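To start, the structure under review is shown below, and the notes come after it.
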Amino acid sequence: MAPDGLLRDLAARSPGELAALLDARPDAVRPGTTTTAELAEALLSRAGLSRALDELSRPELDALERAVVLGAPDGPAGPLLAAPPWDRLHRLALVHRDGDALRLVPGVAEALGRYPAGLGRPHRVLAARAARLRGGEPAAPAAPEVPGEIGRWPAPVREVLERFRSRPVGLLPDALRRPDPEVDAAARPVDWLLARGVLLPVDSRHVELPREFGLALRGGDPWARSPQRAPLPPGTRVPDRLRDNAAAAAVEQLLRRLAALRAELRERPLTTLRAGGIGVRELRRLRTALALEHAELVRLLGLAELAGLVVLDPDTSAWRPAPAPFEDAERPEQWLHVVSSWLAADVVPSAVGLPLADGTVVGVLTRGAHTPEAPPVRRALLRAHAALAESAPGGHGPEDVLALARWQRPRLTRSLDRWGPGMLTEAAELGLVGADALTAAGRAVAAGRAEEAARAVAGWLPAPSRTVLLQGDLTATATGYLAPPVARALGELADEEGHGPAARHRFTERSLHRALDAGWDPASILAWLAEHSRGPVPQALAYLVEEAGRDHGRVRITRADWVLTGEEDLLEALARSPRLAGRPLHRPAPGVLVVTGDEPGPGRRRAGPAREGTLEQLVAAVRATGTEPAVEAARPGPSPAAGPALLPQVPAPRHPAPSAEEVEDLLARLTGADDVPPPPDRTDRTDPGGER
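In this text, residue positions in the sequence shown follow UniProt numbering: the first is 1, and each later residue adds one.
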């Protein structure tokens, strides 16, 4: 139950202050909240307090830990709450006014964890626990020696205590033993400490240093050496053009590689091992096909997974491209989808190869690369980058960014150390950072202005090309990014060669027959080539198109079961083909031959997996006569203009922020006023002092 002091504090806040509180603590915005008491209960939830603590900077967290360990500061609450860090702690409802005193809200100590500032629990708590573990009654423990005498203890004892300077718990076999109080400190310093209650057992294998001795070991103030000012080193000079060119090249390369990856997996899906993950042979095959280094490939696969561009087929346990037409979207939309997914997903592509607790390493496309801490760590890195860019424009290396992120979000330090370096590499590959400098798109993403970021990326990228260079060696080369309709049509007419920055396709008789099957005809192919060629259509290519059209369609296969139409002499030759022996054939009219479908004839075995299907047999039989058949396709003609591309869904955030309307509605219920102030702007929370 919320204390009366917190309820009075919340009731005394103005509508503007309540709006700021709800903006800083969105987890407290609940549909059923109607009273201040219900708001207080929401603010005191363990999950909400933990998320609020994650947003504190180093000075703010130190102040809160000091208050938990040593007690809230003395003095009038008014002056304290008017100055940092208590002003923000009060704004976050982590402390409250109780008359003229300042108090911590209930649950803060528990949310900070068992060992605030790396200090153990009080001696009385540990002594009572040790008595119960040793079979005694939890009576009042005897007071230990004065912690201030630590400096006069024997040197071996002080050496043991030094191991507890940064963490209060240590491993000790047979921790529950009862040592002799007269034990020699030089020979057995651990037993000497156990006998005097300086180290107390917490189970049969661990001991803990009480809080009083931890404070004395660190001079009474563990926070004295904690930096109170943000580390803001000067940046190196990076010209804007160099920064933007590097970012634009990274964006173009990323989108091209994603399209190439999807095309490759469409032809040959990526199979998984029985134990999970991807085998070395498959990775080597994919790395060779895409011409990528191993680290680049695993990051690309991770980005494709988190963006929903590749999915695991549960029937075949193979990774395939998602059916969503990603390539048909405009490039700024593609980029925005990938970046939005990167911000919200719990997949860390660069985590592959990092060690796990069981001694193994994170595998490619496995659960080891998933962590719920990924979104807040990414936000912390981008905010740190933005703060550095604001205070000292220019380039800042990964260490500078990580140092500031640790200061701004100290409770994320362990995650920042583990995931941060790889995430900064991913940010550079996404174009959020160029030449170690935050780009305009990166600054907009850090501030929550995604649409503005997409416009910035659109300004970097050249307009899509609608023409190709046709050459006499029957190739078509695009000097830049092809517009999706042009690329789609070119993919129907020719076979792609390689995955370099300049798309290259080769026209072959088979590729043209494929296009003719899809509904093209020689005249439409030549017209398309003339429209999209930078020069005249090479004569060799025109001859190839005409020759393919001349040989194509002399026999036409239409499924009805299967209906073959064409020249009568060719159809008679087909009817006598050994490949169609035993199949029922009908001749309803001259130039028409009907073949029964895949069901076997009387007395014949049903076709097994090793036998060709009816269509394959018909095509082979026609080709045996020296004629290329035309197979009726579902599509009646060349590719139509594409409509709006439907991209995969961006992963939903674990803790979605409430809408402005929800916040305003709650404010109206709490204040009883119809006209309430709008919530603060959420789009700029990157100041160096650690504010969101």
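Backbone N, C-alpha and C define an ideal beta-carbon position, used for all residues, glycine too.
Only a predicted model underlies this, so the values are computations on that prediction, with no experimental measurement involved.
Apply the 10 Å Cβ neighbour rule to residue i and answer buried if 16 or more other Cβ atoms are within range, or exposed otherwise.
| i | result |
| --- | --- |
| threonine 614 | buried |
| aspartate 473 | exposed |
| glycine 566 | buried |
| alanine 443 | Sequence check: residue 443 is arginine here, not alanine. The residue in question, arginine 443, is buried, as its Cβ has 16 or more Cβ neighbours within 10 Å. |
| leucine 356 | exposed |
| glutamate 547 | exposed |
| aspartate 244 | buried |
| alanine 527 | exposed |
| aspartate 240 | exposed |
| threonine 33 | buried |
| aspartate 174 | exposed |
| isoleucine 332 | With the sequence shown as reference, residue 332 is identified as proline, and isoleucine is not the correct amino acid for it. Proline 332 is buried by the Cβ-count criterion. |
| glycine 608 | Bear in mind that a pLDDT of 39 at glycine 608, under 50, signals an unreliable position, so the number given afterwards is only what the model happens to contain. The residue in question, glycine 608, is exposed, as its Cβ has fewer than 16 Cβ neighbours within 10 Å. |
| glycine 120 | buried |
| glutamate 327 | buried |
| alanine 589 | exposed |
| valine 108 | buried |
| aspartate 4 | exposed |
| threonine 272 | buried |
| arginine 114 | exposed |
Once DSSP output is grouped into helix, strand and coil, what is the label at residue i?
| i | result |
| --- | --- |
| valine 377 | helix |
| arginine 504 | strand |
| glycine 637 | In this predicted model, glycine 637 has a pLDDT of only 42, less than 50, meaning its place in the structure is not dependable enough to derive any value. |
| leucine 199 | coil |
| valine 280 | helix |
| alanine 291 | coil |
| proline 231 | coil |
| aspartate 184 | coil |
| valine 238 | coil |
| alanine 318 | strand |
| histidine 370 | strand |
| proline 189 | helix |
| glutamate 65 | helix |
| alanine 630 | strand |
| alanine 384 | helix |
| alanine 620 | helix |
| proline 210 | coil |
| serine 391 | helix |
| valine 401 | helix |
| glycine 420 | helix |
| serine 465 | strand |
| alanine 437 | strand |
| threonine 625 | coil |
| glycine 71 | coil |
| valine 352 | coil |
| leucine 647 | coil |
| glycine 302 | helix |
| leucine 53 | helix |
Measure the beta-carbon distance from residue i to residue j and round it to whole angstroms, keeping in mind my assumption that it falls under 8 Å.
| i | j | result |
| --- | --- | --- |
| alanine 392 | proline 181 | No, alanine 392 and proline 181 are not in contact; Cβ-Cβ is about 59 Å, not under 8 Å. |
| valine 364 | leucine 301 | 6 Å |
| valine 592 | valine 563 | 7 Å |
| alanine 344 | proline 653 | 5 Å |
| glutamine 617 | leucine 570 | Rounded, the Cβ-Cβ distance is 16 Å, inconsistent with contact. |
| histidine 123 | glutamate 212 | 5 Å |
| alanine 260 | serine 340 | Not really, about 22 Å apart at Cβ, beyond 8 Å. |
| alanine 346 | alanine 380 | The question names alanine, but residue 346 is aspartate in the sequence shown. About 15 Å; that fails the 8 Å criterion. |
| glycine 434 | alanine 246 | 4 Å |
| leucine 161 | leucine 667 | The Cβ separation is near 53 Å, so there is no contact. |
| alanine 369 | valine 348 | 5 Å |
Report yes if the C-beta of residue i is less than 7 Å from at least one heavy atom of the ligand ADP; otherwise report no.
| i | result |
| --- | --- |
| alanine 453 | With respect to the ligand ADP, the structure offers nothing, as it holds no ligand at all. |
**Asked** Do the segment 67 to 81 and the segment 30 to 44 meet, that is, are 3 or more Cβ pairs less than 8 Å apart?
**Response** Contact fails: fewer than three Cβ-Cβ distances are below 8 Å.
**Request:** Return the chain-ordered ranges of every alpha helix (DSSP H) run that is complete within the segment 512 to 592 and spans a minimum of 4 residues.
**Result:** Runs of the alpha helix (DSSP H) inside the segment 512 to 592: 522 to 532, 539 to 551, 568 to 575.
**Asked** Could you give the uninterrupted runs of the alpha helix (DSSP H) lying entirely in the segment 76 to 159, keeping only those of 4 residues or more?
**Response** Entirely contained in the segment 76 to 159, the alpha helix (DSSP H) runs reaching 4 residues are, in chain order, 77 to 81, 86 to 91, 108 to 112, 123 to 133.
**Asked** Considering only residues of the segment 470 to 497, which uninterrupted alpha helix (DSSP H) runs meet the minimum length of 4 residues and lie entirely inside it, listed in chain order?
**Response** Runs of the alpha helix (DSSP H) inside the segment 470 to 497: 484 to 493.
**alpha helix (DSSP H) runs wholly inside the segment 5 to 35, at least 4 long, in chain order** = Counting whole runs of 4 or more residues, the segment 5 to 35 contains the alpha helix (DSSP H) stretches 15 to 24.
**Request:** Taking 8 Å as the threshold, find out whether the segment 447 to 461 comes into contact with the segment 508 to 527 through three or more Cβ pairs.
**Result:** No contact exists between the segment 447 to 461 and the segment 508 to 527.
**Message:** Any contact between the segment 109 to 129 and the segment 72 to 89? By contact I mean 3 or more CB pairs, one from each, below 8 Å.
**Reply:** Between the segment 109 to 129 and the segment 72 to 89, the count of C-beta pairs closer than 8 Å stays below three; the two stretches do not touch.
**Item:** Inter-stretch contact (C-beta, 8 Å, three-pair minimum) for the segment 410 to 423 and the segment 307 to 320
**Value:** Touching, no.
**Asked** Are the segment 461 to 471 and the segment 527 to 541 in contact at 8 Å, needing three or more beta carbon pairs?
**Response** With the rule of 3 Cβ pairs closer than 8 Å, the segment 461 to 471 counts as touching the segment 527 to 541.
**Asked** Counting Cβ pairs closer than 8 Å, one from the segment 156 to 172 and one from the segment 196 to 209, do we hit at least three?
**Response** Yes: the two stretches touch, three or more of their Cβ pairs being nearer than 8 Å.
**Asked** For the 8 Å Cβ check, are there 3 or more pairs between the segment 177 to 192 and the segment 148 to 158?
**Response** For the pair of segments examined, the segment 177 to 192 was found to touch the segment 148 to 158: the number of CB pairs separated by less than 8 Å reaches three.
**Message:** Would the segment 86 to 100 count as touching the segment 9 to 24 if we require 3 or more Cβ pairs under 8 Å?
**Reply:** The answer is yes - the segment 9 to 24 touches the segment 86 to 100, with three or more Cβ pairs under 8 Å.
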